[in-house]
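Student: Pasting in a structure now, in structure tokens, and then I'll have a few things to ask.
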Amino acid sequence: MTGLSPEPLLHVSHLTAAYRGLRVLHGIDIEVAAGEIVAVMGANGAGKSTLLRAIAGQMPTGGAIRFAGTDLADLPAHRINRLGAVLVPEGRRLFGGLSVEDNLRLGAYARRGPDRFKPLDLVFELFPRLQERLKQRAETLSGGEQQMLAIGRALMTNPRLLMLDEPSQGIMPRLVDDIMDAVQRIRGLGVTILIVEQRLVETLSIADRAYVLQTGRVVMAGPAATIAANADVRRAYLGM
Amino acid sequence: MTASLIIQVAIGGLLMGLIYALVAAGLSLIFGLMNIVNFAHGELLMVAMYAALLLHDHLHVGLLLQLPIVAALLFGVGVAIYRGLISRALGVRFNSGMVQIFITFGLSIFLVGLAQFMFGSDFRTLNDGAISTATVAWGQIVLPVSQIAAGGVCLLAFAALALISRTEFGRALEATREDRDAVALIGIDRDHIFSLGWGIGAATVGIAGVMLASFYYIAPSVGTSFAVIAYITVALGGFGSLLGALVAGLVVGLVEALTALFIDPSLKEIGIFALYVLVLMVRPRGLFGRQ
Ligand SMILES: Nc1ncnc2c1ncn2[C@@H]1O[C@H](COP(=O)(O)OP(=O)(O)O)[C@@H](O)[C@H]1O
Ligand SMILES: [Mg+2]
Numbered sequence: 057m058t059g060l061s062p063e064p065l066l067h068v069s070h071l072t073a074a075y076r077g078l079r080v081l082h083g084i085d086i087e088v089a090a091g092e093i094v095a096v097m098g099a100n101g102a103g104k105s106t107l108l109r110a111i112a113g114q115m116p117t118g119g120a121i122r123f124a125g126t127d128l129a130d131l132p133a134h135r136i137n138r139l140g141a142v143l144v145p146e147g148r149r150l151f152g153g154l155s156v157e158d159n160l161r162l163g164a165y166a167r168r169g170p171d172r173f174k175p176l177d178l179v180f181e182l183f184p185r186l187q188e189r190l191k192q193r194a195e196t197l198s199g200g201e202q203q204m205l206a207i208g209r210a211l212m213t214n215p216r217l218l219m220l221d222e223p224s225q226g227i228m229p230r231l232v233d234d235i236m237d238a239v240q241r242i243r244g245l246g247v248t249i250l251i252v253e254q255r256l257v258e259t260l261s262i263a264d265r266a267y268v269l270q271t272g273r274v275v276m277a278g279p280a281a282t283i284a285a286n287a288d289v290r291r292a293y294l295g296m
Numbered sequence: 014m015t016a017s018l019i020i021q022v023a024i025g026g027l028l029m030g031l032i033y034a035l036v037a038a039g040l041s042l043i044f045g046l047m048n049i050v051n052f053a054h055g056e057l058l059m060v061a062m063y064a065a066l067l068l069h070d071h072l073h074v075g076l077l078l079q080l081p082i083v084a085a086l087l088f089g090v091g092v093a094i095y096r097g098l099i100s101r102a103l104g105v106r107f108n109s110g111m112v113q114i115f116i117t118f119g120l121s122i123f124l125v126g127l128a129q130f131m132f133g134s135d136f137r138t139l140n141d142g143a144i145s146t147a148t149v150a151w152g153q154i155v156l157p158v159s160q161i162a163a164g165g166v167c168l169l170a171f172a173a174l175a176l177i178s179r180t181e182f183g184r185a186l187e188a189t190r191e192d193r194d195a196v197a198l199i200g201i202d203r204d205h206i207f208s209l210g211w212g213i214g215a216a217t218v219g220i221a222g223v224m225l226a227s228f229y230y231i232a233p234s235v236g237t238s239f240a241v242i243a244y245i246t247v248a249l250g251g252f253g254s255l256l257g258a259l260v261a262g263l264v265v266g267l268v269e270a271l272t273a274l275f276i277d278p279s280l281k282e283i284g285i286f287a288l289y290v291l292v293l294m295v296r297p298r299g300l301f302g303r304q
């Protein structure tokens, strides 16, 4: 592990997780420092989504997860979210029957204070398409727009750590760059990013560091450029 | 049979239908939110009626003040049922669906027993002096003031429910209904939403109970027939639909009254059941139900 600032924003150690007794994470150690973009790569079924779900409190875990000085073990998912560790999950999980505007505003529902709708400006700046479709039902959006809405809804919660699970999944290639662009701009605002992706080149070009998962274990970790240059990784992902 | 008698019976049926509609709205709200049928729903109506009776007989609380007190009481009962029973049933690992059914079924039996123990099984009435006996006449059509007031209050309650659904909380309720696991992704505690849903659903029945108590008999078993009608009304209107509950309640009230008038009072339920079977065959999701 590289020497990071004294206390990273997120510190995952010896994390284990299982589905119905079948263990799929076998002791994962990961650190994310404030302000970083960290990528998690790995083949299908490696446990990437499970890792994010575990951090977000959506499944029981073993080991330890510390976030911003708080032990997340035993905290329910909504509490973890309110602490600022926010997941944009696989499949996006929008409220399809509600309008784009309702989805966004609900992102601020559990937050208090007069400023809670302020991130709306930011969301519209990042994703002007959403502003044009405010009254549309979320389920009528295209795949790319739904992903924008899912990220926008998460931004409405005012996150400190944004966890993105395959944001490029099922969207047009042209929009993938837009999403990656947005991710960089979100980091520019001081939001830390933990991103799971299948797209090696695009992701490693914006990430600072990366972890490679294989069947529930970290098999490689380091600066994004190093991982990108690694022959094994390139072979596994790009067939080169 | 005169035209004015038919009109009078029809209006009476529609007024009763508004009560059916409000009882159904509470049931539908909880069902729509959680996919749980509250088999103790009729007993909540009964509890509200006895609460109104006790407030009236022992504390001389008038109808207008009974409404907020009983609504608040039933709200608390609804929250307690969710927190104490339903949320535990949701956590059961095996056969959670069965547990949910039997837990509210058991609750209904318990509440009937409790009422019998406390008040006996005699039929009681709440005699609120002038309000209980006054009538308004329009030509040959005569209607009791208490039923007109009940209908009006039920309509106001519906308006309140419609307003709630437009608030931010209403949106959160809808989001939780759509995807109870996803709301945690935006920091919403679904238990909080569920318990408020039960609170509002029960308070709705509370209001119906107070108004019903002003002209109807009160007994431990009074909830049963209303519950059956509420289940039919919800199915007829479409599960989870507020407008559906309102329209279906009115239809049920009208059909019941006209069956009693044209066929036989003892067969009035037959009309409702026939209507129900017809809807099941022609439009199984109900009048306003979602696909
Ligand atoms: N809901 C589930 N129930 C049972 N097994 C699951 C479930 N979700 C994922 N798994 C299994 O856990 C392992 C890791 O899955 P996942 O975290 O989704 O991988 P990735 O996101 O890297 O593709 C896989 O073997 C997968 O089959
Ligand atoms: Mg995955």
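So the protein lines, in turn, are chains A and B. Each residue of the first sequence is one higher than the last, beginning at 57 in the numbering used here. Each residue of the second sequence is one higher than the last, beginning at 14 in the numbering used here. A virtual CB, placed ideally from N, CA and C, is assigned to each residue, including glycine.
1) Determine the burial state of M57/A: buried for a count of at least 16 other Cβ atoms within 10 Å of its Cβ, exposed for fewer.
2) Whole-angstrom Cβ separation of K104/A and V232/A, contact assumed at under 8 Å?
3) Check whether the Cβ of E253/A lies closer than 6 Å to any heavy atom of ligand 2, and answer yes or no.
4) Can S105/A be considered in contact with ligand 2, in the sense that its beta carbon sits closer than 6 Å to one or more heavy atoms?
5) Bridge partners for I84/A per DSSP, in chain order?
6) Does I49/B come out as helix, strand or coil in the three-state DSSP assignment?
7) Going by the C-beta, is A102/A closer than 6 Å to any heavy atom of ligand 4?
8) On a CA-only basis, which of A273/B, E187/B, H71/B and S279/B is nearest Q21/B? Give me that one, please.
9) When the Cα atoms are used, what is the spatial distance from Y229/B to G222/B?
10) Measuring only from the beta carbon, is E146/A closer than 6 Å to any heavy atom that is part of ligand 2?
11) Rounding to the nearest angstrom, what Cα-Cα distance links M104/B and F275/B in this structure?
12) Check each candidate in A128/B, D204/B, L255/B and A216/B and name the one with the smallest Cα separation from F301/B.
13) Quick one: which unbroken alpha helix (DSSP H) runs of 4-plus residues sit fully inside the region 160-248 of chain B? Chain order, please.
14) In chain B, which residues lie with their C-beta within 7 Å of the C-beta of P145/A?
15) According to DSSP, is V149/B helix, strand or coil?
16) Determine the extent of the alpha helix (DSSP H) in which L207/A is found, giving its start and end residues.
17) Tell me where the alpha helix (DSSP H) around L256/A begins and ends.
18) Report yes or no: is there a C-beta of chain A within less than 7 Å of the C-beta of A195/B?
19) Is there a C-beta anywhere in chain A that falls below 7 Å from the one on I201/B?
20) In its own chain, which residues sit with a C-beta less than 6 Å from the C-beta of F136/B, not counting the 5 before and 5 after it?
21) Among R216/A, T259/A, A112/A and L154/A, which has the Cα closest to the Cα of A124/A?
22) Whole alpha helix (DSSP H) runs in the region 75-150 of chain B with 4 or more residues, listed along the chain?
23) Nearest chain A C-beta to R184/B closer than 7 Å, yes or no?
24) So which residues of chain B does F151/A contact, with C-beta pairs closer than 8 Å?
25) Mind listing the chain B neighbours of A166/A? Cutoff is C-beta to C-beta under 7 Å, in chain order.
26) Comparing C-alpha positions only, which one of T196/A, L150/A and R273/A sits nearest to T72/A?
27) Would you mind reading off the limits of the alpha helix (DSSP H) that contains P162/A?
28) Does DSSP classify R311/A as helix, strand or coil?
29) Below 7 Å between beta carbons: does that hold for V83/B and A61/B?
30) Should L205/A be flagged as near chain B, meaning a C-beta pair shorter than 7 Å?
31) Compare the C-alpha of N51/B against each of Q153/B, A65/B, A102/B and V295/B and name the closest.
32) Mind checking the region 102-130 of chain A against chain B and listing, in chain order, the residues whose C-beta falls within less than 9 Å of any C-beta there?
33) Helix or strand or just coil, what does DSSP make of L35/B?
34) Which residues share a DSSP beta bridge with R265/A?
Tutor: Put simply:
1) Residue confidence for M57/A is low, a pLDDT of 47 falling below 50, so the modelled location carries little weight; the figure read from the coordinates is stated next. Classification for M57/A: exposed.
2) With 8 Å as the limit, K104/A and V232/A do not qualify as a contact, their Cβ atoms being about 18 Å apart.
3) no
4) Yes, the Cβ of S105/A comes within 6 Å of a heavy atom of ligand 2.
5) L71/A
6) coil
7) Questions concerning ligand 4 fall outside what the structure shown contains, since the ligands it does hold are ligand 1 and ligand 2.
8) A273/B
9) 10 Å
10) yes
11) Looking at the sequence shown, residue 104/B is not Met but Gly. Cα to Cα, G104/B sits roughly 50 Å from F275/B.
12) L255/B
13) 181-191 and 203-226
14) L198
15) strand
16) Note on residue identity: the sequence assigns Ile, not Leu, to residue 207/A. Residues G199 to M212.
17) Unbroken alpha helix (DSSP H) run through L256/A: L256 to I262.
18) Proximity of A195/B to chain A, defined by a Cβ-Cβ separation below 7 Å, is satisfied.
19) Output row for I201/B: interface = yes.
20) Y230 and A232
21) R216/A
22) 76-94, 100-103, 109-132 and 143-146
23) yes
24) Chain-ordered, the chain B residues with CB closer than 8 Å to the CB of F151/A read E187, A188, E191, D192 and A195.
25) I199, G200 and I201
26) R273/A
27) Residue identity check: residue 162/A is Leu in the sequence provided, not Pro. Residues V156 to G163.
28) There is no way to answer for residue 311/A, as the model of chain A reaches only from 57 to 296.
29) yes
30) no
31) Ranking the options by Cα distance to N51/B, first place goes to A102/B.
32) A112, G113 and Q114
33) helix
34) V94/A and P279/A
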